[in-house]
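Student:
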Amino acid sequence: MNSSSNFCSFRRSALFGWAVFINFVCFQKLDNQTYMQSVLSYHKITSRVDFGICTRTPKDFRKDVEFIAALPSEKRPIVSFDDGYTDTYEAAFPILSEYGLTGQVFVITDAIGKPNSWDANFFGEFQHIELSQVRELAQAGWEIGSHTKTHRALTVLSLSALREELETSKWFLEDAIGQPVTSISFPFGKFNEQVLQVCREVGYERAISISRRSQDGFVERSLAVYRFDRRAHLKAKLNKNKLELWRLQTINAFSTLTVLMHHINSFNRG
């Protein structure tokens, strides 16, 4: 195994161990009932073996949706999916439809119909959604948003590269579904003032980030749902519980290492 794989394995093991520790120490008895409308962010919905903490099994996702569907509509969170994996269509779509709900999916346009070779994988690659499936979700009432063109950290790009990531993906999706695409989810949750300025220039009206919101409200913070989360964690997220927000922020801090791994993988492929 090369140094890149060793580093990535260590990163994921450390992150998983820390997250499990925080899970059991801090969140055994959370059960507040005054929920606020939020965005819950998912990635993979699959029973396949995966070391990543962003994978949710279909069984657990169904429990999440059952809980969400029972909430009053004004307190019901938006169910969101980053990266646009095939299982968003094959697993999440039918479960949400069964409960009369829709979602939103943020698509990496250069990855459509391809395996996720851009990410670090240990038990095989995961397939990204097909364009025909994106169209079907749009027709079913789902919101289709951009997750950029190639899933690079936007804050380290030149102005021209940044514009290409934001604008090209938007135009591609609009042409594909025949609808305006006005929302974007930032890879790794990273953004700065330049990113926000270009977003507005190319026509985005809102953005979400797993790390933080913007002061002007253009960027809303989404609340990631992880493999080890239980019902109490969902309730804490919807209540904007300070300990839960701190836990999510701690987990997201490891995304800096993920960005580094992307650079290493790109260098090795180049």
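Residue numbers (my numbering): 1 to 270.
Every residue, glycine too, gets a C-beta built ideally from N, C-alpha and C.
Buried or exposed for GLN28, going by 16 or more other Cβ atoms inside 10 Å?
Tutor: Confidence at GLN28 is low in this model, with a pLDDT of 42, below 50, so the placement of that residue should be treated as unreliable; the coordinate-derived value is given next. By the 10 Å Cβ count, GLN28 comes out exposed.
Student: Going by beta-carbon coordinates alone, are VAL198 and ILE144 separated by less than 8 Å?
Tutor: Their beta carbons are not under 8 Å apart, which means VAL198 does not touch ILE144 by this criterion.
Student: Which residue's Cα is closest to the Cα of TYR85: TYR99, GLN104, PRO77, ALA69?
Tutor: Taking only the C-alpha atoms, the option nearest TYR85 is GLN104.
Student: So GLU164 packs on LYS149, CB below 8 Å; how close in whole Å?
Tutor: Between LYS149 and GLU164 the Cβ distance is about 6 Å, and since that is below 8 Å, they are a contact.
Student: Tell me the DSSP secondary structure of LEU30 in three-state form.
Tutor: Here the model assigns LEU30 a pLDDT of 44, short of 50, so the residue's position is not dependable, and the following value carries that caveat. Three-state result, LEU30: coil.
Student: Note down the Cα distance separating ALA111 from HIS128, rounded to an integer number of angstroms.
Tutor: One C-alpha to the other measures close to 6 Å.
Student: Going by DSSP in three states, GLU143 sits in which element: helix, strand or coil?
Tutor: The answer is strand: DSSP assigns GLU143 an E or B state.
Student: What separation, rounded to the nearest whole angstrom, lies between the Cα atoms of ASP50 and LYS240?
Tutor: Between ASP50 and LYS240, the C-alpha separation is close to 28 Å.
Student: Should TYR99 go down as buried or exposed, given a rule of 16 or more other Cβ atoms within 10 Å for buried?
Tutor: By the 10 Å Cβ count, TYR99 comes out exposed.
Student: In whole angstroms, give me the CA-to-CA distance for GLU193 and GLU74.
Tutor: For GLU193 and GLU74, the distance between alpha carbons rounds to 31 Å.
Student: Based on the DSSP output, what are the partners of GLN127 in its beta bridges?
Tutor: Paired residues: PRO115.
Student: Secondary structure at PHE51, three-state DSSP: helix, strand or coil?
Tutor: Coil, per DSSP.
Student: I'd like to know whether the C-beta atoms of PRO187 and HIS151 end up nearer to each other than 8 Å.
Tutor: Yes, they are a contact pair.
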